[in-house]
Amino acid sequence: MSEVEKKIIEAVQTYGRKKTATAVAHCKRGSGLIKINGCPIDLVEPEILKTKVYEPIYVLGKERFANVDIRVRVEGGGHVSQIYAIRQAIAKSIVAFYQKYVDEASKKEIKDLLVHYDRTLLVADPRRCEPKKFGGVGARSRYQKSYR
């Protein structure tokens, strides 16, 4: 152990959630690389929601992401839910990284910028699908009543 010094990896792991989609972001020191399920961030589908994934980067500026690598794993939910989970995971990971390895002042500044722009970037949406009940097709609707 004394011959080979172990390099301490500066990394944080955070998650983002939307409905049943869960995204786990692994953020470490690097060169500004952001990958989602092993693919670059610019190959995100659906194309229309690509700007939603880029929102944390647009709000904070590219210079804050220049010295970190973020790798995101996402599963569950649909396409839109996954996109929202990814953006939340990216935003939370950059805040956690700055808190742990940079300084509290810059972390507070980042957090304030993100919350001012959109609170769901840091706080999960608690809404879930309501379960179906008997006597109807869905959660609230009832079968049609016949009088004759």
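146 is the number of the first residue of the sequence shown in the working numbering; add one for each residue after it. Note that CB positions come from ideal geometry on N, CA and C, so glycine has one too.
By the beta-carbon neighbour count (other beta carbons within 10 angstroms, threshold 16), K237 is buried.
In the DSSP annotation of this structure, the continuous segment of the beta strand (DSSP E) that includes K173 starts and ends at 166 to 174.
Annotation for E190: H224 place their beta carbon closer than 8 Å to its own, counting only its chain and skipping 5 residues before and after. Within the same chain, and ignoring the five residues on either side of C172 in sequence, the residues whose Cβ sits closer than 6 Å to its Cβ are V157, V213, I215, S238, F242. Of the candidates I181, T159, Q244, E155, I181 places its Cα closest to the Cα of V217. If you check the CB distance, G177 and A168 do not come in under 7 Å.
Taking a cut-off of 8 Å on C-beta distances, the region 195 to 206 does not touch the region 278 to 290, as fewer than three cross pairs fall below it.
Going by DSSP, I153 is part of no beta strand (DSSP E) at all; its letter is neither H nor E. Within the region 198 to 249, the beta strand (DSSP E) runs of at least 3 residues that lie entirely inside it are, in chain order, 213 to 220. According to DSSP, residue pairing for P185 in a beta bridge involves K180. In the three-state reduction of the DSSP assignment, R293 falls in the coil class, being assigned neither a helical nor a strand state. Of the candidates T165, I186, E254, Q244, the residue whose Cα lies closest to the Cα of G221 is T165. As the crow flies, the alpha-carbon of C274 is around 20 Å from that of Y288.
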